[in-house]
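Visitor: So for the sequence shown, my numbering puts the first residue at 80; every next one is plus one. Mind having a look at this structure? Questions to follow.
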Amino acid sequence: HLHTHPPTHLMCVCLQLISKKVRKEMSEDRIIEPTENDILMGRGGKNNQHVGNEKLRHFARGRCDDYRKAFKKRKSSISRELVQQVRDMNPPGRFLKKD
80 HLHTHPPTHL MCVCLQLISK KVRKEMSEDR IIEPTENDIL MGRGGKNNQH
130 VGNEKLRHFA RGRCDDYRKA FKKRKSSISR ELVQQVRDMN PPGRFLKKD
């Protein structure tokens, strides 16, 4: 049984940066059923509880110390690395939003 832990401020900032970077790259393809590695963009309980979102939070928690110590340019780089980490999963994680 998995529990959702409230994100730290640093993780929120990191996830917001990811959101900004990915929004530009989202395709208009229609996805019927997200995979376990997909990230559901947006706020709310169902998105937060999706297994892909939990994986992303786990990845982000592992980078919080680096992120906290980093300057702005490095923070953006860490965000891009997290996006790539999601995309490198099998099956590849996608960043999806509900329309």
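Every residue gets a Cβ at the ideal spot worked out from N, C-alpha and C, and that includes glycine. A quick note: this is a predicted structure, and the numbers were derived from the prediction, not measured.
Please confirm whether Q128 has its beta-carbon closer than 7 Å to some beta-carbon of chain B.
Guide: This model lacks chain B altogether; it includes just one protein chain.
Visitor: Give the secondary structure of I157 by DSSP, where H, G and I count as helix, E and B as strand, and everything else as coil.
Guide: Residue numbering aside, residue 157 sits at position 78 when the sequence shown is read from its first letter. If DSSP states are grouped into helix, strand and coil, I157 belongs with the helices.
Visitor: If you check the beta carbons only, do F174 and I111 fall under 7 Å apart?
Guide: For the purposes of this step, residue 174 is identified with residue 95 of the sequence shown, where counting begins at 1. For the purposes of this step, residue 111 is identified with residue 32 of the sequence shown, where counting begins at 1. No; because the gap between Cβ atoms is not below 7 Å, this pair is not in contact.
Visitor: Beta-carbon within less than 7 Å of Q164's beta-carbon, same chain only, minus the 5 sequence neighbours each way: which residues are those?
Guide: For the purposes of this step, residue 164 is identified with residue 85 of the sequence shown, where counting begins at 1. F138, listed in sequence order.
Visitor: Can you tell me which of the three DSSP states F150 falls into?
Guide: Taking the first residue of the sequence shown as position 1, residue 150 is located at position 71. Note: F150 maps to coil in three-state DSSP.
Visitor: Nearest-angstrom Cα distance between C143 and R109?
Guide: Numbered from 1 along the sequence shown, position 64 holds the residue referred to as residue 143. Numbered from 1 along the sequence shown, position 30 holds the residue referred to as residue 109. It is roughly 33 Å from the alpha-carbon of C143 to the alpha-carbon of R109.
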